[in-house]
Structure formats: C-alpha cells, structure tokens
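These notes are about the structure you will find just below.
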C-alpha cells in the first residue's frame, strides 16, 4: 500500500496545477504540483544522505506553512515518519524554519533555509515499521497517548474518501485541522493523492470565523471542508447564508467529525436541499487513525430532513470504511445487537501502535469510550462514557442536554459539563435566556435540568479545534467568584429559579407553594441544590420549607441564612413507648383480617392460562387520589376501602360495589394512607392541616384530633398492642400518640428534615425505624436513640425491617441495608431515585420488591443482589404489592403514567396489563382477585384479575 501511495512521481499531470496555497491575510504564496514533488524528492534525499532518525518533527515550521506538504511527503518518501509533537519519549529530528543555535543540519527548499536538530538516541525508544506519522490523542477524555499510525491504517481512508467525495484535481481542500490532530493528515494525503489544491491558513485567521469564511469561499472557492462541529458552528449565521450555503456556493462537501454531530437544521438551505452540497458525519478515534465510519445525510428535495433530524444523536454513525467495522459491547465485553453499549472499532489490518505497545500484542479491536445505541441495525452516538453521569440516582446524558438545548433553535452553542458536582449548561451570550429556558424545560425531564446556565461571548477551542474544557472550567470558576448575593439578588434569584423548576411562567406570589404551582419531588431537590450553590453554604431546612410552606417563608429562611442566623435548637427526646409491635403489614398501608381463603382460586375457562385485568368499578373522590387504600375485610366478609383525596374528603367505600358508605371532610388535602385500630373501630389518618385524625370506622365521625406544626404526609402506624400510633410530620418530629384519647406520649426530632415516610418496627416491638428528608435514618428503642445515620440524600421511602435487617430507599438511587445494630450490610444501586417503599414476596426465601424512577421494578435478595428487574413505560413512585393467587406468586405494580402490570414475582415476566386514565402515585392493594388503587384523575378503581390458575 505504501508503494501505491509513493508512486505519485510517475503520475505528474500534464497541466501543472496549483498544489498549495498559503495566505496569511496579506501575503499569498502558491506552489505548483511539480514544484512540490521536486521539493519532496529533495527532502527525501537529504534525510537519507544524513542518516537522520526515523521520525521527523515538522511542528516547528511556523512561518512557512506552504512547505509542510513537501516536507511530509519527502519524509515519507525517505521511509521515515513525521510528527508535530514534542515528547521526551520520541527519538526524532526536528525541523525549524527560523534560526536556532544548536543546529545539526541545514537544508534549503523554495529558497527558504531550514534548520534541523537531532535528539539524542534513546535505547528505550520503541521502533515500529510501516509508520506514516506519529500523533497524540487530544487528552480531552483522559491522559494523552502517543499513537504510531501505519500506512495500512491511514491510506484506506484516503482511497475511500477520494471515491465517496468524488475528489478531482479541480477541487480545493481546506486544511482545517492543525498538524497535531490526525484529520490534518487526511487533508494533506487526500490532496496529494488526488492532485487537488490544499488551502493552508495560519491559526490567527481560523480564530476569526467571518474572515475565514470570506477567504475560503470568496477568494479561493473552497469545495471540500473537513472540520470539527465546533469550528463549523463558529461561522456566523449571516455568512452561512450569504457565502457557505448560498445558491452559487463553491462548497461541495462538508464533513464534520472529531466531536458529536451538531444539532443544526441543514435543510433550510436550498443548496443542501437540492444536493449541491453534501453533508457527512465522520466518526473515528486516533488510536485507529483516522476515520472509522461515514454517514451521508440524505434529504428529499424540497422537504425537511427525515424526521427533522435536529438532534445529532438521530444521525447514525453510518457504515464502516474499508477494512473497518463498528460494534457495540456490554460491560462484560459481549457484543450486543440492540440497545446501549460501548462502541468498539475493529480491523484486522488498520493497526496502530499506542504508547509502547508490543507489535505482537496490538489489538484488532479498540474501545472508544463512547456510548452508542443500536436501533434497527443502525448505530447512533449517545455521548462519552464519562458524559453519562448519575444525577439524583439516575443516569443523565450531557450529550442529550446539549442536543435538546440546540434543538430550541435559540442557541448556536450549547455545552454541558459537570463542575464541582453541579451540572452546568453554557450557551451564547446573545441568547434570550428566559425564553430559551422556557422552551428547554418543556423538552427536559427533571433529571436533565441544569443547576446553572451561563452565557458566554466566546467558546474557547483547543489547538485541535475542539472545545477547551479546561478553559471552560476556569470560566465557571470565575463566574462563581462573582456571586455576592444581596437581598434584591436573592429575591430575583429565587423568583427566576422558582419559575424554571416549577415550569410555571407566572412569577410567584408571596403565599404560593412550590408544589401547588407545579413543582415535584425532583424539582424540589434541584432547586434546593441550586439555592445552596447560590448561598454558598448548606441550607438544611430549605427542602422542607420549599415543599410545605410559601415563597415568602423560603425567602425569609434564605435571608436568615445569609445573615448567619440559623436555628441551633438540638433535637430533644422525651419518654418512649416500651412495647413497639408492628401491625401485620409490610408496606405503608394496613391490610387486616386476611386469611388463607382470601386468595381465592378461579377457573373462568381461559384454556391457555392467560390473565386479563378488567375494571369492576370506579368511585369519584372529586380531586386527585394520591393516598393508598386501607383495605379491611368486615365480619360480613366483604372488603371496605378507607381512603382520602386532595378534595379533603375521607371516605369508606364498599369494595364490592364502589358505593361510598360515608364521607368525612377534613381540614386539608389528604396524601397520607390510613391505619386502623386493633379493634377495627377507629381509623387514623394524617392531613395537610397538620392534624392526625381518629375517625369512627362505622360512621365517619371524628373522635379526636392531634395537632402538629406541619403537614402530615407520613402514613400512621399502629403498635400491635394497640395503645400507640406512630407517624411523622413536616415539622420534623416523629410522634407517638395514645390511640384512645389522642394524647402525646412522646415526640423526637433527629435532624433538620421533615418526616415524609412512615415509621416501621421490628416484630418483637423493640426497635422503631424512621427516615427524614435531610437523609437521616434512625433507630430508637425504649431508652431513646440507639443509632442514626446520615445518608446525605432525602428519604421518601418507608423503611422495611424483617429478619435481622432494615432496608431504606434513598433519592440517590441506593437501597441501604443495615443490621439492627446499625452496621451497613449491603448496598444495592438502582439507576434512578427511589420514592417507592418496599414489600416482600410471599414465598420463602422472601425477596424485596420496590420501584424506581428509572422506570424499573426491582426484585432483590435480602443480601442485596438482584434477582430481576422489569421495565415500565414511566417512573414508579408507588409501592408494589405481592400476593398469591392459587399457586401463583404474583406482584402488581403501577407506574406514574397509570400503566398497571401484573407480574410473575419469581421471574418478573409480565402476565397482564391495564392502563388507567391518569397519573398514579397511589399504591395498589389486592384482595382475592381484586386490585384497588387511587388515581390522579380523581378516581379510586377496583380492577379484577380473570383467567385460570392451578388449584
């Protein structure tokens, strides 16, 4: 292949075409094809005669860039390789085009004197054969590596691109990349191989996009540009319209590579619609220099791009170039043919040597560090492995954030990055930020909403033309140091971010509550994170105030923080109940009086054994039903459902007919699920008005109420002895109240977080567990605090004690298992925040079921290993319910979109589905073959499972 390339000397054109044009903005120098070839032979002869090292550094040719092609081709003709990098590990000679003192050799080409120094020979330098050039990786994704590029690796690219681009001697190619970036080798070799013209410009002109475009198109009629998306996107909109993509443009080929393909509406230009300009997506890695695949963007004349391909991750990486293939592998290294994995580039012949690799050990497959997705046989770029981050316990793609930001059409640049643990989005200075954020938030899920959005006048680039991430970090640091919030800045900050994270354009009133105007759990956490960053110190009570109080309360709290007047009251512990036995439940609701006969066996002539879920009845509760049903079987052997809604109504519903038996209006919204006394005559329910109510199960009359200083969303928990009811409040206390008279027994405060989840106790009643929104989990006994832990992220999920372990779910996506002494025994990581509580399967050995915001229902063993997971179509906030129906062990779960699924509890296989017409945060309860669940469409549903089961 090398001989095929160097045999150009026998193919001199009859017409001496211009081979090189160098222009510095004032002086223009042109070199003909014949003169370049003659100079190349001269260089080769000098190198051979003086026995110079096998590697020649041309990176110090600074002023006379028109000499580069002659030097590079001459170096290759002499059997040597070239480079433009200085590295102590390389044994090379260096060419200078300016005088130096310690020169070893001089030579002259085109009347320009060149000076050469030779590095001392190093015995430890590796020597490789068949090397065309040596280059280093950019280091933007890790430590820079030295790559020795073989002719077998680069020349197939040159032949392919000549054919794909249909390059002739009439083409004008722009040398866009610096010599240190291997796409420059492609441009140089392609111009040599096709005898076309190469335009070389100094870096100072490349840094001025308007001047650059005018020179390329008005002065020289450039027809082929291969560059990074960052360089292309720096072209002003006006010159794109008037010079690059206008009707009479000289441009034929625009090939973008080295970075993710840009989100850019190419189809608005007639020259592209009509096919006069072809746009390509190039993909490759320096470790197998240079390009591995290519995709031509194909458009139908006069129509928008297929599916309006505005996101770069909707443009595939295309087909592998000659002797090259791309594949996707999972974490174990196995090739996969659908879904997500790491992209690998494979070739038996296109081998390069990275750092000090032994020749015999060079792999034919290189990991790229890029995440790809295979869809219908097409491979799509989804970002770097290090750009897929975990945020709020869920995987978040920085690439996706950038893509959706560009898709708004209001920004030309959008760069996402993590700095100091925060997600930043950097956009153009001239963007209307408020309108941009309004559109962007309509496209983003909560996890991708950035902590900070900064506007920059210029986006720094490296010498390779890529974004300079280190420089951007410095920009962010300088921006952070400017933040000195005053009271006016505080109010403005809070108003702006309130609107952004609640997705509400209306400025907040002093009495507004964040949740009521559109906020949710994730956006609360995000706003709390941004507030702490803005204030510059922890704000431990911010999350609670945000969820439960008004805009004015939040403003007052942050003002107090700024004045360093924080509440320093320490938690106090009073007397404790000595016998804390749980009710017979394993979740946040209570199901009483179940017997072995409750799980009835049905045979409804479904010969294939299939299952069907059908609606039996629905009952209107007049507003959203987020609470979970309390199901009680009466002595008359029919179920009664006790449940409340946002309408303040709390009702008893006949489980067979859906008829309301009675309704009581309480003093506020009801999200808490109810509990029942040991005798079955009293229902306990928490309310947004801060009261715990005791209500007659017979007629709904209020027997007593106990007042706290915060909303009660925690579901109460009755001790097995029946004398105490335990619950948490948003006033940050855990309470024990007498079940008979509603008198306080004790209250305890362990941290600065509200108690949203329900408390739970061990079977012997010796220990009581709870969690709070500041991430504190605690264990108490009759003597007071036994232990507590700070997990660092909010706890919405209720704890589950069983055997000798207690399990907590956290917003960081982790399930924590502790023994009863407080020692951590396992961690299990889901891929999203956990708001769902836990339940246990019915068969022994029992397993733990829970949902996550990563759309999955998980089944794990008590020691923390995964048994299975099942993907739903949306996050799972509610708690699954495990039960037996005949001999089948089943579980039912419902996602926030209202998709209810019946699963095999042993395998996770889906057996039946049913779609509710509203969002669901309520947890389902099963009695016999009936499923009861609340919905945000104001309804409580009874669904029946029908089919045939083994006896």
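Residue numbers (my numbering): 1 to 951. For each residue, glycine too, the CB sits at the ideal point set by N, CA and C.
| Item | Value |
| --- | --- |
| Cα-Cα separation, residue 66 to residue 44 | 17 Å |
| Three-state secondary structure assigned by DSSP to residue 544 | helix |
| Residue 215 versus residue 201: straight-line alpha-carbon distance, rounded | 9 Å |
| Minimum Cβ-Cβ distance from residue 40 to chain C less than 8 Å | Here chain C cannot be found, since the structure has a single protein chain. |
| Buried or exposed by the 16-neighbour rule on C-beta atoms within 10 Å, applied to residue 821 | exposed |
| Cβ-based burial, residue 639 [other Cβ within 10 Å; buried from 16] | buried |
| Assigned secondary structure, residue 324 (DSSP; H/G/I helix, E/B strand, else coil) | coil |
| Residue 502 - DSSP class collapsed to helix/strand/coil | helix |
| Reference residue 137; option with closest CA among 83, 159 and 943 | 83 |
| Three-state secondary structure assigned by DSSP to residue 33 | helix |
| Buried/exposed call for residue 969, threshold 16 Cβ in 10 Å | Only positions 1 to 951 of the chain appear in the structure, and residue 969 is not among them; the question remains open. |
| Among 906, 856 and 867, nearest to residue 899 - alpha-carbon criterion | 856 |
| Distance, residue 149 Cα to residue 952 Cα | The requested residue 952 does not occur in the structure, where the chain is confined to residues 1 to 951. |
| Residue 959 - DSSP class collapsed to helix/strand/coil | Absent from the model: residue 959. The displayed extent of the chain is 1 to 951, so no value can be given. |
| Simplified DSSP assignment, three categories, for residue 985 | The first residue shown for the chain is 1 and the last is 951, placing residue 985 beyond what the model contains. |
| First and last residue of the uninterrupted alpha helix (DSSP H) at residue 272 | 270 to 273 |
| Uninterrupted beta strand (DSSP E) stretches inside the segment 18 to 69 (no shorter than 3 residues) | 18 to 23, 28 to 32 and 55 to 60 |
| Residue from 546, 81, 376 and 715 whose Cα sits closest to the Cα of residue 923 | 715 |
| Where the alpha helix (DSSP H) containing residue 399 begins and where it ends | 398 to 407 |
| Cβ shell of residue 664 (< 7 Å), same chain only, five flanking positions each side left out | 650, 695, 700 and 702 |
| Cβ separation of residue 239 and residue 213, assumed to be a contact under 8 Å, to the nearest whole Å | 4 Å |
| Beta-carbon gap between residue 794 and residue 760 smaller than 8 Å | no |
| Distance, residue 369 Cα to residue 331 Cα | 12 Å |
| Check whether residue 670 and residue 645 have beta carbons under 8 Å apart | yes |
| Anticipated Cβ contact below 8 Å, residue 457 with residue 432, distance rounded | Not confirmed; about 15 Å, so no contact. |
| Limits of the unbroken beta strand (DSSP E) element including residue 455 | 452 to 456 |
| Nearest neighbour of residue 512, chosen from 550, 490, 661 and 496 [CA to CA] | 550 |
| Cβ-Cβ distance between residue 490 and residue 554 below 8 Å | no |
| Inter-residue spacing [alpha-carbon to alpha-carbon] between residue 573 and residue 736 | Note that residue 573 scores 26 on pLDDT, short of 50, meaning its location in the model is unreliable; the coordinates nonetheless yield the value given after this. Their backbone Cα atoms lie some 12 Å apart in a straight line. |
| Contact set for residue 944: own chain, Cβ-Cβ below 6 Å, skip 5 residues either direction | 614, 616, 929 and 930 |
| Residue 376 in three-state terms, based on DSSP | coil |
| Backbone CA spacing between residue 689 and residue 712 [nearest angstrom] | 8 Å |
| Where the alpha helix (DSSP H) containing residue 191 begins and where it ends | 183 to 194 |
| C-alpha gap between residue 107 and residue 183, whole angstroms | 28 Å |
| Exposed unless 16 or more other CB atoms sit within 10 angstroms - verdict on residue 823 | exposed |
| Minimum C-alpha distance to residue 952 - residue among 359, 336 and 322 | Missing from the structure shown is residue 952; the chain here goes from 1 to 951 and no further. |
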